[in-house]
Amino acid sequence: MGRTGGHPGSHLGDGVTGRQGEQLVPVPRLVGWFAGFTRDVALHADELSALDGAIGDADHGTNLNRGCREALRTLHAEPPRTVGDFGRTVGMQLLAHVGGASGVLYGSFFLDFGASAPGAQGLTPRGFAAAWHAGVAAVVARGRAEVGDKTMLDVLAPVRDALDTAAWHTVDLGGMLKAALDAAEQGLEATVPLVARKGRASYIGPRSAGHQDPGARSSWLLVRAATTTLAG
Amino acid sequence: MSVAIVVVSHSARLAEGAAELARAVSTTAVRLAVAAGIDDPRHPLGCDPLRVRAAIEEVDGADGVLVLMDLGSALLSAEFALGLLAPEARGRVLLCDAPFVEGLVAAAVASMSGAGLTEVAGHARAALQPKREHLAGRGHAPGADAHAALAFDEAAPPAAVVTFTVRTPQGLHARPAAAIVRAAGRRRATAVLRNLTSGTGPVPATSLNGLLTLGVRQGHQVQVAATGPEAPALTADLRALAARDFTQPEGAPRDAADEDGLPGAGDEDGRPAAGATGTRRGVTAEGVLPDTADAGTRRDTDGNRARPGAGAARARRDVEADRARPRAAAGAAAYTQDGVRIRVVADVGRVGDVADAEAAGADGIGVVRAESLFGGDPVLPGEDEQAALYARICSALPGRPVVLRTLDAGGDTAPAPPGLRGIRLTLRQPELMVPQLRAALRTAAAGHPLRLLLPMVTVADEIHRTRELLRQARADLAAEGLHPPGHLPLGITVDTPAAALKAGTLLGAADFVAIGTDDLTRYTLAAERGDADVAHLLREWDPAVLRLIASVAAAAGESGESGVPVAVLGAAARDPRMLPLLLGLGVRELAVPAVDIAAVKEQVRRLDTGRLAPAAARALRAGSAEEVLRMVDRMDPGLAPQNGET
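Protein sequence lines correspond, in order, to chains A and B.
All residue numbers for the first sequence refer to the numbering used here, where the first residue is 1 and numbers rise by one.
All residue numbers for the second sequence refer to the numbering used here, where the first residue is 233 and numbers rise by one.
Printed below as a string of structure tokens:
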């Protein structure tokens with residue numbers, strides 16, 4: 001397996017240092033993850049905007065599509081060397097190019113995702129769970145939403161919990177991501193009947209019930225992209 | 233120096249206009265900077281936190297910076313920008329919750345007069361007061377709109393006031409709020425509510441949105457102030473409503489669906505659930521349905537037990553219909569603009585995918601990855617268990633073709649190195665494949681339109697040898713008294729450059745073909761996702777990969793009497809930038825996960841193969857993958873965000 005089977009030096013910090021035999025997701029794989037996410041957002045852009053149109057200002061797909069394309073362009077032009085570089089590049093590009101609240105929230109997610117292991121050249125499964133933890137904490141701090149407010153957090157937070165739980169009894173990233181995808185699907189479905197309390201959808205209050213939250217749906221795409229690009 | 237001002241808005245024009253107003257009323261120059269809009273000429277509305285930071289830094293000075301924001305994400309962007317500032321600068325910046333235009337003008341005036349940051353912010357916050365007072369004097373019709381009701385409250389002394397504590401676990405969520413709106417509408421009185429605990433409000437009792445903005449949680453104290461002829465009656469009604477936790481009066485019926493919170497559990501006739509009680513509803517029922525629809529029914533049937541749940545049932549049907557709508561479009565066959573049918577079939581790797589595929593309107597199942605259905609175990613379970621599962625899958629999509637891929641151990645779970653995998657492994661160890669062949673034949677014997685797909689074929693002999701195993705299995709089954717069909721269509725996946733280049737030869741032995749773009753890309757470009765140094769080379773739109781796809785399509789076009797349709801599996805089949813290329817190269821079937829079917833069909837419907845073919849031919853000669861991408865952007869104008877006119 002060459003580099004993918006190796007383990008990084010001990011300077012990389014908690015959750016990152018690969019123990020003997022532990023998988024390591026190298027930074028280019030993280031780029032592949034984001035490329036997969038970008039592809040899925042492009043495919044589903046109209047649908048995300050339509051969902052947003054039902055409860056908000058109909059721009060979630062357009063905005064995210066633009067931001068992801070810019071971020072991916074930058075990732076390809078200046079390939080990141082470390083997890084921190086990856087998170088910083090994606091985060092800053094999303095902040096600058098999405099334009100809506102989702103740009104700030106996803107931007108914060110990736111900035112702190114990367115900052116959880118700034119110097120590392122890859123993430124172990126536990127490191128990935130820890131990075132996700134940091135990203136979700138940033139979204140919580142920034143958006144001040146809670147689970148049940150019908151936001152992207154309704155997917156991101158259950159996934160965090162699923163990754164945490166899975167990380168306790170497995171070091172297999174594929175298994176962890178499978179659990180994460182299940183949690184994401186449940187979280188996404190659970191947003192349908194909810195009444196929005198945060199974000200633009202909250203302006204229409206009860207009318208937001210009966211629709212999937214577009215932010216939760218794009219977050220689900222992010223998790224799905226992870227399952228198809230990171231494991232194996 | 234003076235306090236500087238930064239204006240943050242989604243709209244550059246709004247911000248400039250507001251800034252223009254502010255400059256007009258302040259006689260000396262106010263240091264004012266604008267951060268508004270984003271760099272996209274077609275969609276200029278949005279906020280960029282980096283611009284906000286730049287604007288703050290542009291005007292930052294010793295006296296501080298007041299930031300005024302318009303809506304929603306402007307606040308998030310400004311908060312984020314604050315976090316990006318140096319700590320000493322951060323302390324001088326104040327994000328102000330004042331009304332945007334009035335606050336800006338007031339702040340500009342206050343800044344000009346030399347006020348400090350706190351004082352300027354105070355003036356900005358108070359800036360709505362003149363408008364309120366002015367309109368309050370006009371005697372707006374009470375209840376005409378939310379703001380009028382607010383004005384009414386400010387102007388006239390309330391005739392009746394009550395205070396109650398909210399005890400429902402979820403606070404004043406949508407359902408209790410709807411009950412309040414309903415009660416308020418019954419009396420000739422106008423009321424406003426305040427959340428005394430949090431200091432929010434007042435809001436009109438008739439505004440659902442307004443009530444929700446009070447942020448009333450369990451234990452909060454709410455004050456109602458009412459005016460009008462029936463003001464005391466209304467406050468009494470609301471106090472009584474609060475006392476019974478916003479449920480309807482004793483003895484009124486309720487329907488089962490409301491109670492258990494499960495959509496679809498309700499009775500269409502609104503029959504009350506046996507033994508149901510209403511006190512826990514706030515815990516589970518929130519948001520099951522639009523509460524307003526529920527509310528409407530209750531008002532209609534006030535004191536009438538006939539159909540209390542009918543409104544809820546109707547609303548539920550509306551919600552279901554809403555969710556079914558995109559599915560209906562997905563269920564229809566996808567034709568390109570020039571009338572070419574593109575079959576969009578499901579890629580099934582989990583048992584649950586089958587139901588999803590049916591619901592998503594799949595034109596069939598393009599690939600069943602048996603080994604992942606059985607949990608990724610490289611050895612499939614016994615023949616009976618397999619046969620039962622295949623029959624179930626086929627029955628889920630009656631009449632639609634189902635393609636079963638033979639065991640591809642290691643091909644899915646990890647990017648397999650070239651070597652002993654797919655058909656190579658199963659021919660080496662037939663005991664791995666024979667039960668699967670027998671299970672497939674038994675399924676086909678029951679009349680299901682099943683087909684078999686062989687992974688990793690590189691030489692025609694592999695197809696011949698599989699046919700021989702199939703012949704043997706068929707003979708064995710016949711000896712056991714079954715009557716499997718004489719012909720089970722046998723296809724191949726093209727995973728290697730070898731198979732692509734020899735597609736003509738291989739198709740002489742096979743009945744259909746699917747291109748496995750993931751493996752084909754890896755093997756063609758000799759790169760792996762996990763290899764840091766070469767992962768960036770892995771692009772399905774690399775001209776080399778495209779040429780191999782074209783080679784397969786050309787061979788398929790010449791196969792048989794009228795050609796063989798070419799299918800594509802893998803990530804490329806759901807990549808919106810690949811679809812124009814694939815269709816242009818002659819691909820006519822796409823196997824994608826169920827959740828992507830609707831979106832893929834949508835894109836197919838706006839494409840025109842007649843126009844794509846010459847463009848795709850040019851892409852084959854492109855000098856680089858990057859050049860191909862630039863060509864793709866011209867092939868499908870719909871790829872650019874929000875250009876949905878087709």
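Here a beta-carbon is modelled for each residue, glycine too, at the ideal position from N, C-alpha and C.
Bear in mind the structure is a predicted one, so any value in this text is a computation, not a measurement.
Straight-line Cα distance separating residue j from residue i
i	j	result
B:Leu801	B:Val726	10 Å
A:Val104	B:Gly679	55 Å
B:Val599	A:Met92	39 Å
B:Ala468	B:Phe396	11 Å
A:Gly187	A:Ala216	8 Å
B:Val341	B:Arg357	13 Å
A:Trp220	A:Ser102	14 Å
B:Ala788	B:Gly593	27 Å
A:Ala138	A:Asp172	26 Å
B:Leu722	B:Pro729	20 Å
B:Arg632	B:Ile829	15 Å
A:Phe109	A:Ala115	10 Å
B:Ala381	B:Gly249	Residue placement at B:Ala381 is flagged as unreliable, the pLDDT there being 42, under the threshold of 50; the coordinate-derived value follows with that caveat. Cα to Cα, the separation comes out at about 29 Å.
B:Val745	B:Arg806	18 Å
B:Leu428	B:Leu822	60 Å
B:Asp499	B:Ala620	Low confidence applies to B:Asp499: its pLDDT is 34, below 50, so where it sits in the model is not reliable, and the reading given next is rough at best. Roughly 35 Å separates the two Cα atoms.
B:Val520	A:Leu156	Low confidence applies to B:Val520: its pLDDT is 30, below 50, so where it sits in the model is not reliable, and the reading given next is rough at best. Cα to Cα, the separation comes out at about 22 Å.
B:Ala847	B:Met867	7 Å
B:Asp532	B:Phe478	Model confidence at B:Asp532 stands at a pLDDT of 35, short of 50, so the residue's coordinates are unreliable; what they give is reported in the following sentence. Approximately 18 Å between the Cα atoms of the pair.
B:Asp272	A:His60	15 Å
B:Leu298	B:Ser234	11 Å
B:Arg699	B:Ala671	15 Å
B:Thr459	B:Val435	14 Å
B:Val240	B:Ala268	6 Å
B:Ile655	A:Gly87	41 Å
B:Leu277	A:Val41	20 Å
Extent of the continuous alpha helix (DSSP H) to which residue i belongs
i	result
B:Thr756	749-757
B:Asp579	Careful: B:Asp579 lies outside any alpha helix (DSSP H), inside the beta strand (DSSP E) at 573-580.
A:Met176	173-190
B:Val583	583-591
B:Cys626	615-628
A:Ser102	101-115
A:Ala231	Looking at the DSSP string, A:Ala231 is not in any alpha helix (DSSP H), and its letter there is neither H nor E.
B:Ala294	Looking at the DSSP string, B:Ala294 is not in any alpha helix (DSSP H), and its letter there is neither H nor E.
B:Leu316	305-316
B:Ser783	775-790
A:Asn97	The residue you asked about is not Asn; residue 97 of chain A is His in the sequence shown. Element bounds for A:His97: 83-97.
B:Pro464	463-475
Contact belief for residue i with residue j at Cβ below 8 Å, rounded distance in angstroms
i	j	result
B:Ala677	B:Leu702	Their Cβ separation, rounded to whole angstroms, is 13 Å, which puts B:Ala677 and B:Leu702 out of contact at 8 Å.
B:Ile288	B:Val238	5 Å
B:Pro461	B:Arg414	Actually they do not touch by this definition, with Cβ atoms about 19 Å apart.
B:Met688	B:Arg653	6 Å
B:Leu444	B:Leu425	B:Leu444 to B:Leu425, Cβ: 11 Å. No contact.
A:Arg69	A:Val98	Their Cβ separation, rounded to whole angstroms, is 11 Å, which puts A:Arg69 and A:Val98 out of contact at 8 Å.
For residue i, the residue or residues it bridges with in DSSP
i	result
B:Ala799	B:Ala746, B:Glu821
B:Asn427	B:Thr432, B:Val454
A:Pro26	A:Gly122
B:Ser211	Summary: the structure shown does not reach residue 211 of chain B, with chain B confined to residues 233 through 878, and so no result is reported for it.
B:Cys328	B:Leu300
B:Val635	B:Arg683
A:Thr170	Bridge partners of A:Thr170: none, in fact.
B:Ala236	B:Val297
Where the beta strand (DSSP E) through residue i begins and ends
i	result
B:Gly723	722-726
B:Phe396	392-397
B:Gly598	597-601
Item to complete: Report yes or no: do three or more beta-carbon pairs, one from the segment 80-98 of chain A and one from the segment 40-50 of chain A, lie closer than 8 Å?
Response: Contact between the segment 80-98 of chain A and the segment 40-50 of chain A is absent, because fewer than three Cβ pairs lie under 8 Å.
Worksheet item: So does the segment 758-771 of chain B actually touch the segment 716-733 of chain B, counting three or more Cβ pairs closer than 8 Å?
Response: Contact fails between the segment 758-771 of chain B and the segment 716-733 of chain B, because fewer than three Cβ pairs, one in each stretch, are under 8 Å apart.
Worksheet item: Per the contact definition of three or more C-beta pairs closer than 8 Å, is the segment 143-153 of chain A in contact with the segment 180-198 of chain A?
Response: As far as the Cβ criterion goes, the segment 180-198 of chain A touches the segment 143-153 of chain A, which means the pair count is three or higher.
Practice prompt. Pair every Cβ in the segment 561-578 of chain B with every Cβ in the segment 612-621 of chain B, then say whether three or more of these pairs are closer than 8 Å.
Written response: At 8 Å Cβ cutoff, the stretches do not touch.
Worksheet item: So does the segment 835-853 of chain B actually touch the segment 804-823 of chain B, counting three or more Cβ pairs closer than 8 Å?
Response: Output reads yes: the segment 804-823 of chain B touches the segment 835-853 of chain B.
Discussion item. Would you call the segment 852-865 of chain B in contact with the segment 772-785 of chain B, where contact means no fewer than 3 C-beta pairs closer than 8 Å?
Written reply: The segment 852-865 of chain B is in contact with the segment 772-785 of chain B.
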